[in-house]
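The end of the sequence shown is residue 871 by the UniProt record's numbering, with every number in the run present. For each residue, glycine too, the CB sits at the ideal point set by N, CA and C. Written below as structure tokens is the structure these notes are about.
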Amino acid sequence: MSKENNGVNNVDQQIINGKKTSRTIYFYILRNTTIDERFKIKAYFNNDIKCTFNRAEVFDEKKNNSPYIYCLELNITIDDQDCLFINHQNTLLPIENYRLCLSRKIPQTDRTFRDYNDDTIRYIKNPRSTKHYFLFDVNFVKNFVDGPPGENVPFWSQLCLYTYYILRHQMLDHFNTLIDQFQKVVQETNRKLIREEFNDFFQSCITHLSYAIPPLTNQHIAEKIIIRMTGLLPITKSNFDLTSHFVINFALAMIDDIKEHYDHLFATVSVGDWPLFRDGLTLYLSIELLSKSKDTIELVHQMKNEQCKKDLANVLLQRLELLQRPVLGLNWTSLFTIVDPNILTLKQLELTRSIQTYITSLVQIVGMNITEMEITDTIVRHFDRLIYEDCLPVDLENIIFLIKFLQMESLETDESSKNILKIVNTTIESSMQLRTKIEQYLYTLTITNEQFKDIRFIISFIEKSFILFLVNKRSLLIHLLNHAYTSYSYEFFKQWFCSFLLSNDEVNDRNKKVYQDLLEHWSHQMSRSYEIMIKIMMDIDLLINAFENEQYRFIFINHMIKLCFQQESIYYIISDGLLNLNNELFLDQFKKKFASIYLNISQDKLKQLSNRENPLYHLINIDKQIQGKSKLVNDLIQLTTNKIQFNIDEILRDTFERPTRTTCIYAILFEDCFKTLTLRQIIIDQLLALWNIWEEKGFRASQILGWKKFSNEERQIVYRIWNYIGETAEKQYKIDALIDRHRHEMDEKIQIKEIITKCLEIYCQNACDKQLYFDLLSDMETKLKSEIVRSITIPDQIRLLLPLVDRLNSLEKLNAWKKFLAENRNNGQNNLSPTTDTNSPDIIDDESLLSDDSMYTIMFYEFVDFIKYFF
1 MSKENNGVNN VDQQIINGKK TSRTIYFYIL RNTTIDERFK IKAYFNNDIK
51 CTFNRAEVFD EKKNNSPYIY CLELNITIDD QDCLFINHQN TLLPIENYRL
101 CLSRKIPQTD RTFRDYNDDT IRYIKNPRST KHYFLFDVNF VKNFVDGPPG
151 ENVPFWSQLC LYTYYILRHQ MLDHFNTLID QFQKVVQETN RKLIREEFND
201 FFQSCITHLS YAIPPLTNQH IAEKIIIRMT GLLPITKSNF DLTSHFVINF
251 ALAMIDDIKE HYDHLFATVS VGDWPLFRDG LTLYLSIELL SKSKDTIELV
301 HQMKNEQCKK DLANVLLQRL ELLQRPVLGL NWTSLFTIVD PNILTLKQLE
351 LTRSIQTYIT SLVQIVGMNI TEMEITDTIV RHFDRLIYED CLPVDLENII
401 FLIKFLQMES LETDESSKNI LKIVNTTIES SMQLRTKIEQ YLYTLTITNE
451 QFKDIRFIIS FIEKSFILFL VNKRSLLIHL LNHAYTSYSY EFFKQWFCSF
501 LLSNDEVNDR NKKVYQDLLE HWSHQMSRSY EIMIKIMMDI DLLINAFENE
551 QYRFIFINHM IKLCFQQESI YYIISDGLLN LNNELFLDQF KKKFASIYLN
601 ISQDKLKQLS NRENPLYHLI NIDKQIQGKS KLVNDLIQLT TNKIQFNIDE
651 ILRDTFERPT RTTCIYAILF EDCFKTLTLR QIIIDQLLAL WNIWEEKGFR
701 ASQILGWKKF SNEERQIVYR IWNYIGETAE KQYKIDALID RHRHEMDEKI
751 QIKEIITKCL EIYCQNACDK QLYFDLLSDM ETKLKSEIVR SITIPDQIRL
801 LLPLVDRLNS LEKLNAWKKF LAENRNNGQN NLSPTTDTNS PDIIDDESLL
851 SDDSMYTIMF YEFVDFIKYF F
């Protein structure tokens, strides 16, 4: 081969003696072996002339076991009768045939060889036109002892390796020779390509590619030859395999190279090259179309030669039909616009696994001048069968496509296009299998957040589309909701609400019943998780405002309020989920429900703020936590306090007579949550009225007496309450000043009563009208326990005694006075006249008692003179 490459044998023929021609021919054998394997391959011509093959370079130097090419360079002579001669020992010997033999030395011997024969008798055919003989069917059989060294290279892999050898050694003009010889062997031996060999072929292609295309190789020519080589493979449905990564990787790499060198590559393709090039290219295109979702068909559309484009499209479509595999590539159905209409069949639509692709392709096929009568029944049966056999899977995307596609007929204005769409629509709507599959799919679907939009679209067409005839809105949505438990989350239920509960359906009894059922199931599943339910409640304003239909909005609000009150504690629901509620309709309905359930309690309980049965106990605690920022809580406090009624006695008792910090009135006055309430203002007004009464009429004696007994804590409570009222009314003094003023007045009256009583007991023991004065004093004492202090007057009789009482009281504690008084009393009794009526009382009227001639006055002055005598 080196001589050929160096130009020594560029002259193929040399005329000898004018009748015989000398020529060098080459034989090639492929065999897997190791680098250190020592054996010889020999050719025996006429069974006695031996010629030995030489081993060329290895295909893969990195592997210990790799394919090798064995080459025999043979000089022959051809006479004018095409008889062949070999120069053997300077003699031209005629040869008719040859056979092959592999020989190797027997170990530990030098001259003994063991032969392994190929029993095929071979002939040198067409030696004038053929220079290279690529042997494909060599098989060295085992002898009685053992088998031949090395291994046969798989038949179909030999095609790859011989092609690569041609490329490496730039024997490009002889590639057609290889093609002819290979095809002849395949034909003569009826060789079939099986799946394993298909995979082996591509494994060889990708493994030894670097050997075939060294740096200086013409890339475009090499690619063309490799594509033509691939076109020799007899592809069938049974041997075509996409499970091998060798097949996929090599095909995709070739497609990428074709795209990169498209124009330059096609410029090298001649008319003679085209058939195999076309077949090879369609194989690569088929592999990519069936394995990747790429726009592979772009390569077909790029072709500038319209005839070649149509031929390529025809062969590609027929090959795809032959392989009967679903096409994954994009836009492949655009082949229908290129191919010869005569080759179009419904069977080609089975190449797709998509309803969408089937329908769009069907439109193209129907449009190829096929009348409605000829195709409608056939299409319906074909479509129904593919649906039934799951060749066209039903999913959300395809259901939505069909719904939208069915609307196109009514929008089409072109009559021809309208007829085509009518035929296809009839096919879709007539398919009972399609309806059944849609029903089965939807009722087994586990819905996710991403699918809400699609389901909502489908639901909206349930009553409008024939293909949804078996689907019931209520049962489907309830089924989807109940079986989506793995997806349950706040976002899931919120999206469900937005997708299916913002109803705009006509308001009638049936639709309202369906809506209420859906709402009931949604809330039931949602409320199973307290956390999810609270998050939904926190968004209740947003959900309510999303409604367009007021009646459905009202149904939703009432249902959600009902759900709130079904929970263990309405106060937890309020504090956790409804603090930011602002929707007025919800607020109003909620307050009505709250009042009907929680405000049917006694006035006593309503006023007991520490009683857990009292709503105010919970509402005040919530309000303190959120610092009064919830409209709902404020409204509920207002609503509850509106039920409370205080009479003036309760107000007086809790603010003055028996004050404590735990009373309801105290809380209403000083808790922030009551600041704006009507009841608070009522209480303030009533307290101010009391203040004004006290200013005008004064306190009752009992109130002053109670005040005197108050602890410091009680007085502080009174001060806080009444000074606050005073500040509110802009009074010029505080409550203690008012109390003190009236207390002093009462003290004075009490003191008068007490000193008068004392004087009577001391000086008027025997007075006949003593009881009269005691009765007046008793009446006065009674009034000093209950009546208004200012209204209590000192009787005139008592008032007349005051000057004397004042004088006598000054002497009350003096022992001398006591002695003088006692002695004079005794003397006076002893000097009474016997004729005097001892039973007649000492009648001492007011005037006589206070006159200067009265007995006690005389006695008083005598006592004074007596004292002066000593001093």
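Annotation: D295 is outside any alpha helix (DSSP H) and is labelled neither H nor E by DSSP. With contacts defined as CB atoms closer than 8 Å, V153 and L72 fail to qualify as a contacting pair. Rounded to whole angstroms, the separation of the alpha carbons of L335 and T282 is 13 Å. Collapsing the DSSP output to three states places R195 in a helix.
Of the candidates W707, N692, I227, N642, N642 places its Cα closest to the Cα of L679. DSSP lists Y68 as the bridge partner or partners of V58. Rounded to whole angstroms, L669 and S596 show a C-alpha spacing of 27 Å.
Note that the C-beta distance between I788 and K697 is below 8 Å. For N558, the closest C-alpha among the options F547, E568, K593, L542 is that of K593. If you keep only unbroken alpha helix (DSSP H) runs of at least 4 residues inside the region 209 to 292, you get 209 to 212, 219 to 230, 245 to 260, 262 to 267, 274 to 291. A Cβ-Cβ separation of about 15 Å leaves I648 out of contact with Q603 under the 8 Å criterion.
By the Cβ rule, the region 427 to 447 counts as touching the region 468 to 480, because three or more pairs are nearer than 8 Å. Uninterrupted beta strand (DSSP E) stretches at least 3 residues long and entirely within the region 115 to 148 occur at 132 to 134, given in chain order.
Using a Cβ distance threshold of 8 Å, L167 and A212 count as a contacting pair. Runs of the alpha helix (DSSP H) lying entirely within the region 753 to 800, each at least 4 residues long, are 770 to 786 in chain order.
A straight-line Cα-Cα distance of about 12 Å links T77 and I124.
Inter-segment contact for the region 773 to 782 and the region 750 to 759 is present: three or more beta-carbon pairs are separated by less than 8 Å. One Cα belongs to H169, the other to P127, and the distance between them is close to 22 Å. Beta-bridge pairing by DSSP links A43 to C51, L100. If the five residues before and after V507 are omitted, its C-beta is found closer than 6 Å to the C-beta atoms of Q551, all from its own chain and listed in chain order. Just so you know, the alpha carbons of T207 and F155 end up roughly 16 Å apart.
Your pair V366 and I420 checks out as a contact, with CB atoms roughly 5 Å apart and the cut at 8 Å.
Remark: fewer than three beta-carbon pairs, one from each stretch, lie closer than 8 Å, so the region 253 to 270 and the region 189 to 196 are not flagged as touching. Apart from sequence neighbours up to five positions away, the residues of its chain that approach N47 with a beta-carbon distance below 8 Å are R99, ordered along the chain.
About 5 Å separates the Cβ atoms of G329 and T296, confirming a contact at the 8 Å cut-off. Taking C-beta atoms as the reference points, S431 and D384 count as a pair closer than 8 Å. With respect to I637, L616 sits close: the two C-beta atoms are nearer than 8 Å. The beta carbons of D119 and V138 sit no closer together than 8 Å. Under the 8 Å Cβ criterion, the region 682 to 690 does not count as touching the region 738 to 757, having fewer than three qualifying pairs.
DSSP places S22 inside the beta strand (DSSP E), whose first and last residues are 20 to 34. Going by DSSP, L84 is part of no alpha helix (DSSP H) but of the beta strand (DSSP E) stretching over 84 to 87.
Secondary structure note for P615: its alpha helix (DSSP H) is the uninterrupted segment 615 to 626. Taking a contact to require three or more Cβ pairs closer than 8 Å, the region 174 to 181 and the region 242 to 249 do not qualify as touching.
For D505, same chain residues with a beta-carbon under 6 Å away, outside a window of 5 residues either side, are N511 in chain order.
Look at T427 here: in three-state DSSP terms it is helix.
Contact check for S129 against L161 fails: the beta carbons are separated by 8 Å or more.
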